[in-house]
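Trainee: Take the sequence shown: its position 514, counting from 1, is numbered 514 in UniProt numbering, and each next residue is one higher.
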Amino acid sequence: MKKIYIILAIVGLLSTSCEKDLLNKQPLDKFSEIDVWNDGPLAEGFVFDIYADVIGHYKNQNTDTWTDNSVPNSGSSTEQSGSIENTNDYGWNKYGIIRKCNLAIDKLSNEESTINESSRKLLLAETHLLRGMMYYWMARRFGGVMLVDNVLTAEDEMQLPRANERAVYDFIYDDISAAISGLGETAAPGRLNKAAAYAFESMVALQDADYDKVIEAADAVEEFNYSLDPVYSNMFNSYNGTLSSPEVIFVFMAGADHNNYIDTRMFANLCNVYNGEKLLETAIPQFDPDDIFNAWPERWPSQELVDAYLFNENGVVSQKAGVDFQGQPSRLMWQNRDARFEQSIVHDSAQYRNSIFTYRVGGNSHWTSNPLSTWGMSKTGYMFRKWMYEQDFFFYNYPVDWAEPIFRLGEVYLNKAEAYGRKKNIPKAIEYMNKTRTTHGGLPALDAGASEADFWKYYKIERRVEMVQEDDRYWSLIRWAKAEEANSIPELDGYKLHGLDMQWDGLVNVIESPWAVSMNFEYPKRLYFPVPDGEIRQNDKLTQNPDWN
């Protein structure tokens, strides 16, 4: 009898299991195909395995490191420097996951299955949305891809041509529609519901420039019982905060039994320094004895990102760059800013856990203060606070319950604002931009009568700071360039990113970070990544993206 391998989520076996382990997996025995698709828990386990595969492409994404938001810890960034070759693979072949989706859809569509009908239809709807999410992940990177909507046999060859980008997006919309018809209005944490499908549709349609569809999908989300979290950091800086946030529509979560700090964003955001061998005795101040920072950092906030956090002085909003404070006391740069600044960024003289961080020369966090190496020390004079479970003691192999929002209301509001902006309905665009700007940023609302130019200026700033480190900045810059028929993306081209290098006096000194690369973005070539040359050699029906031959 034909056998298939099934990896079951722990909660897939017993409905009484803990929900927080939804995507944690344990390998079990082999089951026959007939067994799986006629047994509710086994079929559910198969779909949970698809959840793990697909959501793994949405959680812990580091695409901000391709942009002007961060400076690489290593001093090297292929994407920022533009040194991408057509042999590089940015995720072309996800067809193993697509095949699992197609298999589940095929089997769950069988109305003669002995699985409870409501369970079968729910699993079918979930799988449709997961397949749509996987194809969207691919479409953003490559445009047109091979569309496979049936279960290929061992005799079938994957010698398929690419569908055009329009056909791929239409296919995704069909999957979303199929999902919406079968999903429930509520779901256990970590499982998809109707609101998640509509939130995803607003994301897809925005990238596809279907602005009416964005607005319709966002309208549908607003019919559900979600609201903006009054404290922005609640969604990112603790496990319980993420799960309890009224703003989070769909969440990824992993239990401590199967998840360590090294598996989370935190491990790539935090410094590698502590009292003793990794800190000069002369550094002021020494860290609190209970603070041992032993991570593997990959990126540091750029001065360009910091400059995006607006100032709010007596109700008057302004944008000031770090260079505007050159030679002045740095404390002036930290005062009266967008509330998300302190919740997202650790700066000089700020407290993180039990310690005061000093990024100036002679401080405990300047790159010259570690006698062993500059590696693991901030390369910009800043560190990310967003996504850090600050109250937890951090060590790479410590277990941790981890959760992160995949879809949330704040992004849906911004999608709707952008769609209204593209449709020239500026008052409505401002209305929806103001929702996150006022609630999360603590900033005065932009006046409803503001000009179109002012809307776009402040909208792009708003989206940048609201969605930092949420897999958004890169795709937004691409989307805006297409919509505006630009001939370049200056944010990604022709300069080096900046940071602070202050002396002990704490006077502002903005410099090109010594670890920043020369930003290079070839336009329009880089609007899409290359189809890996090896894939084209194996399949002569594939065509390469423009300018990548």
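For every residue, glycine included, the Cβ atom is placed at its ideal position computed from N, Cα and C.
Among the residues of its own chain, which have a CB less than 6 Å from the CB of R479, if the five just before and after it don't count?
Mentor: Walking along the sequence shown from the start, residue 479 turns up at place 479. Answer for R479: Q207, listed in chain order.
Trainee: In angstroms with no decimal places, state the Cα-to-Cα distance between E157 and D471.
Mentor: Here residue 157 is taken as the residue at index 157 of the sequence shown, counted from 1. Here residue 471 is taken as the residue at index 471 of the sequence shown, counted from 1. If I take the Cα positions, the gap works out to 34 Å.
Trainee: I need the straight-line Cα distance from N275 to D291, nearest angstrom please.
Mentor: Locating residue 275 in the sequence shown gives position 275, where the first residue counts as 1. Locating residue 291 in the sequence shown gives position 291, where the first residue counts as 1. Cα-Cα distance, rounded: 9 Å.
Trainee: One question on the structure: do I345 and Y382 come within less than 8 Å of each other, judged by their Cβ atoms?
Mentor: Taking the first residue of the sequence shown as 1, we reach residue 345 at position 345. Taking the first residue of the sequence shown as 1, we reach residue 382 at position 382. Yes.
Trainee: Near G184, which residues of its chain fall below 6 Å by C-beta distance, leaving aside the five closest residues on each side in sequence?
Mentor: Walking along the sequence shown from the start, residue 184 turns up at place 184. Counting only Cβ-Cβ distances below 6 Å, and skipping sequence neighbours, we find N193.
Trainee: Hey, out of L228, N364 and L270, whose CA is closest to F287's CA?
Mentor: Reading the sequence shown from its first residue, position 287 is the one you call residue 287. Answer by Cα proximity: N364.
Trainee: Indicate whether the contact test is met: 3 or more Cβ pairs, each with one atom in the segment 32–41 and one in the segment 237–249, closer than 8 Å.
Mentor: The segment 32–41, when compared against the segment 237–249, does not touch it at the 8 Å Cβ threshold.
Trainee: Looking at the unbroken beta strand (DSSP E) that takes in H498, where does it start and where does it end?
Mentor: Here residue 498 is taken as the residue at index 498 of the sequence shown, counted from 1. Unbroken beta strand (DSSP E) run through H498: H498 to L500.
Trainee: Let me confirm a value: P72 is counted as buried when at least 16 other C-beta atoms fall within 10 Å, else exposed. Which label applies?
Mentor: The residue you call residue 72 lines up with position 72 of the sequence shown. Its Cβ being crowded by 16 or more others within 10 Å, P72 is buried.
Trainee: Buried or exposed for L446, going by 16 or more other Cβ atoms inside 10 Å?
Mentor: Sequence index remark: in the sequence shown, residue 446 carries index 446 (1-based). Per the 10 Å Cβ criterion, buried.
Trainee: Among residues of its own chain, excluding the 5 on either side of G506, which ones have a beta-carbon nearer than 8 Å to its beta-carbon?
Mentor: Taking the first residue of the sequence shown as 1, we reach residue 506 at position 506. Result list for G506: P329, S330, R331, D348, S349 and R360, in chain order.
Trainee: Let me know the secondary structure DSSP gives F171 once reduced to three states.
Mentor: If you number the sequence shown from 1, residue 171 lands on position 171. Helix.
Trainee: Would K496 and A483 be called neighbours here (beta carbons separated by less than 8 Å)?
Mentor: Your numbering for residue 496 matches position 496 in the sequence shown. Your numbering for residue 483 matches position 483 in the sequence shown. No, the pair does not count as a contact, with Cβ atoms beyond the cut-off.
Trainee: Going by DSSP, which residues form a beta bridge with E404?
Mentor: What you label residue 404 is simply residue 404 of the sequence shown in a count that begins at 1. Looking at the DSSP assignment, E404 forms a beta bridge with F252.
Trainee: I need the straight-line Cα distance from T374 to P297, nearest angstrom please.
Mentor: Your numbering for residue 374 matches position 374 in the sequence shown. Your numbering for residue 297 matches position 297 in the sequence shown. Approximately 12 Å, taken between the alpha carbons.
Trainee: Could you say which of I426, A104 and K379 lies nearest to S74 if we only look at CA atoms?
Mentor: Taking the first residue of the sequence shown as position 1, residue 74 is located at position 74. Nearest C-alpha to S74: K379.
Trainee: Taking only three categories from DSSP, how would you classify A187?
Mentor: By 1-based counting over the sequence shown, the position of residue 187 is 187. DSSP places A187 in coil when its eight states are reduced to three.
Trainee: Just the C-alpha distance for N354 and D307, rounded to the nearest angstrom, thanks.
Mentor: Position 354 of the sequence shown, counting from 1, holds the residue named residue 354. Position 307 of the sequence shown, counting from 1, holds the residue named residue 307. Answer to the nearest angstrom: the Cα atoms are 27 Å apart.
Trainee: In three-state DSSP terms, what is G96?
Mentor: On the sequence shown, position 96 is the one that residue 96 refers to. Three-state result, G96: helix.
Trainee: Name the two residues that bound the continuous alpha helix (DSSP H) containing I115.
Mentor: Here residue 115 refers to the residue found at position 115 when the sequence shown is read from its first residue. Taken as a continuous stretch (DSSP letters only), I115 belongs to no alpha helix (DSSP H), as it is neither H nor E.
Trainee: Let me know if I97 comes out buried or exposed under the rule of 16 or more other beta-carbons within 10 Å of its beta-carbon.
Mentor: Taking the sequence shown and counting its residues from 1, one reaches residue 97 at position 97. Buried, since its Cβ has 16 or more Cβ neighbours within 10 Å.
Trainee: Three Cβ pairs or more, each shorter than 8 Å: is that satisfied between the segment 315–323 and the segment 413–433?
Mentor: Verdict: no, contact absent.
Trainee: Taking C-beta to C-beta, are G143 and D175 nearer than 8 Å?
Mentor: Reading the sequence shown from its first residue, position 143 is the one you call residue 143. Reading the sequence shown from its first residue, position 175 is the one you call residue 175. No, the pair does not count as a contact, with Cβ atoms beyond the cut-off.
Trainee: Can you give me the start and stop residues for the alpha helix (DSSP H) that A268 sits inside?
Mentor: Position 268 of the sequence shown, counting from 1, holds the residue named residue 268. Where A268 is concerned, the enclosing alpha helix (DSSP H) stretches over M266 to N269.
Trainee: Grouping DSSP H, G and I as helix and E and B as strand, with all else coil, what is E222?
Mentor: In the sequence shown, residue 222 corresponds to position 222, counting from 1. Looking at E222 - three-state DSSP - the assignment turns out to be helix.
Trainee: Starting from S451, trace the alpha helix (DSSP H) both ways and give me its first and last residue.
Mentor: Counting from 1 along the sequence shown, the entry for residue 451 is found at position 451. Taken as a continuous stretch (DSSP letters only), S451 belongs to no alpha helix (DSSP H), as it is neither H nor E.
Trainee: Counting pairs of beta carbons, one from the segment 428–442 and one from the segment 397–413, are three or more of them closer than 8 Å?
Mentor: These segments touch.
Trainee: Any contact between the segment 219–226 and the segment 381–398? By contact I mean 3 or more CB pairs, one from each, below 8 Å.
Mentor: The segment 219–226, when compared against the segment 381–398, does not touch it at the 8 Å Cβ threshold.
Trainee: Does DSSP classify V361 as helix, strand or coil?
Mentor: For the purposes of this step, residue 361 is taken as residue 361 along the sequence shown, with counting starting at 1. In the structure shown, V361 sits in coil (DSSP, three-state: anything other than H, G, I, E or B).
Trainee: Keeping to the same chain, check which residues put their C-beta closer than 6 Å to that of A179; ignore five residues upstream and five downstream.
Mentor: Indexing the sequence shown from 1 puts residue 179 at position 179. The residues are A125, H128, L129 and A197.
Trainee: In or out: Y398 buried (at least 16 other Cβ within 10 Å) or exposed?
Mentor: For this step, residue 398 is matched to residue 398 along the sequence shown. Flag for Y398 reads exposed.
Trainee: Starting from F311, follow the beta strand (DSSP E) in both directions and report where the run begins and ends.
Mentor: The count along the sequence shown starts at 1 and reaches residue 311 at position 311. Note, F311: beta strand (DSSP E), F311 to E313.
Trainee: Is it right to say T114 is buried, meaning 16 or more other beta carbons lie within 10 angstroms of its own, or is it exposed?
Mentor: Residue 114 sits at position 114 when you count from the first residue of the sequence shown. Exposed, since its Cβ has fewer than 16 Cβ neighbours within 10 Å.
Trainee: Which residue marks the beginning of the beta strand (DSSP E) containing A350, and which one marks its end?
Mentor: Numbered from 1 along the sequence shown, position 350 holds the residue referred to as residue 350. Residues A350 to Y352.
Trainee: Could you check if L22 is buried or exposed, using at least 16 other CB atoms within 10 Å of its CB as the buried criterion?
Mentor: Locating residue 22 in the sequence shown gives position 22, where the first residue counts as 1. With a pLDDT of 48 at L22, under the threshold of 50, the predicted position of this residue should be treated as unreliable, though the coordinate-derived value follows. With 16 or more other Cβ atoms within 10 Å, it is buried.
Trainee: Considering only DSSP beta bridges, list what D329 is partnered with.
Mentor: Position 329 of the sequence shown, counted from the start, is the residue given in the question as residue 329. The displayed chain sequence assigns Pro, not Asp, to residue 329. Paired residues: L507.
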